[in-house]
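*Asks:* If you read the sequence shown in the working numbering, its first letter stands for residue 764, the second for the next number, and so on.
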Amino acid sequence: MHSPDSHRFDPPWTPHRRGWIEIVCGSMFSGKTEELLRRVKRARLARQPVLLFKPRVDDRYDEVKVVSHEGLNADALPVASAGELLARVLADTAVVGIDEVQFFDDAIVGAAEDLAARGIRVIAAGLDQDWRGRPFGPVPDLMAVAEYVTKLHAVCARCGAPASRSQRLIAAEGQLFVGGAAEYEARCRTCFEVSET
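1. Using only alpha-carbon positions, find the residue among LEU890, ASP904 and THR856 that is nearest to MET871.
2. With a CB to CB cut of under 7 Å and the five nearest residues on each side skipped, what residues in its chain are close to GLY942?
3. Look at the Cβ atom of ALA857, then the Cβ atom of GLN811, and state whether they are nearer than 9 Å.
4. Am I right that GLN930 and LEU890 are in contact with their C-beta atoms under 8 Å? What's the rounded C-beta distance?
5. The ligand ATP and ALA843: does the residue's C-beta get closer than 8 Å to at least one heavy atom of that ligand?
6. Which residues in the same chain have their Cβ closer than 7 Å to the Cβ of GLU956, if we skip the five residues on either side of it in sequence?
7. Pairing CB atoms from the stretch 842-859 with CB atoms from the stretch 874-893, are three or more of them under 8 Å?
8. With burial defined as no fewer than 16 other Cβ atoms inside 10 Å of the residue's Cβ, what is the status of THR953: buried or exposed?
9. Grab me the residues of ALA845's own chain with a C-beta within less than 6 Å of its C-beta, minus the 5 sequence neighbours each way, in chain order.
10. Per DSSP, GLU948 forms a beta bridge with which residues?
11. Leaving aside the five residues before and after ALA917 along the sequence, list all residues of the same chain whose C-beta is less than 6 Å from its C-beta, in chain order.
Printed below as a string of structure tokens:
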């Protein structure tokens with residue numbers, strides 16, 4: 764059992780290849796991508812064949828790398844859909860990492876379950892809430908079917924408390940608006956300003 768302040772997670776070792784789903788979620792700037800990259804790095808150190816994916820729509824920092832806000836990065840395969848992701852998984856793949864999973868449609872849930880059923884460890888990182896504080900895309904459904912869920916917190920930009928929400932700072936339409944520190948900041952429940960638009 765992990766303490767509330769601990770987000771280090773290492774899955775149980777098993778002598779047989781069994782698949783499962785891990786979700787790393789939280790607000791923006793909470794370290795989701797860093798944790799995904801840490802888990803992927805450990806799998807590679809264990810000589811497990813790993814494929815890392817990112818949604819093609821997210822090209823903020825790089826088109827073919829997963830990049831954290833702090834600059835950590837790893838090569839990735841950009842894909843436009845869950846179907847394309849499944850088609851690119853090789854037969855010997857042991858671990859599939861997926862960054863910014865909230866940008867995929869609901870088909871990513873079935874894709875993750877399919878991969879886990881094939882004996883693959885699936886690690887998906889993404890926002891669990893959108894800029895209105897509402898569940899974001901397929902992440903809640905992924906959390907429901909996952910064996911392991913890690914929820915990370917950022918630091919509130921207003922008061923310094925643990926932050927679980929992403930405050931949009933600019934006017935923009937729709938849930939799927941890709942942005943960074945100029946467009947969003949982390950907020951706690953108290954400092955978060957709810958928007959109905």
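Even glycine gets a Cβ: it sits at the ideal position worked out from N, Cα and C.
*Replies:* Let me lay it out:
1. One detail in the question is off: residue 871 reads as Ile in this sequence, not Met. Closest option to ILE871, judged by alpha-carbon separation, among LEU890, ASP904 and THR856: ASP904.
2. For GLY942, the predicted structure reports a pLDDT of 49, less than 50, and the residue's modelled location is therefore unreliable. The matter cannot be settled from this model.
3. Yes. Within cutoff.
4. For GLN930 against LEU890, the beta-carbon gap comes to about 12 Å, at or over 8 Å, which does not count as contact.
5. The ligand ATP is absent from the structure shown, which contains no ligand whatsoever.
6. Correct list, in chain order: GLN930.
7. Counting C-beta pairs with one atom in each stretch, the stretch 842-859 and the stretch 874-893 have three or more that are closer than 8 Å, which means they touch.
8. Counting Cβ neighbours within 10 Å, THR953 comes out exposed, since fewer than 16 surround it.
9. Around ALA845: PHE867, ALA870, ILE871 and ALA874.
10. Looking at the DSSP assignment, GLU948 forms a beta bridge with GLN930.
11. Excluding positions up to five away in sequence, the list reads SER790, PHE792, SER793, ALA926 and ALA949.
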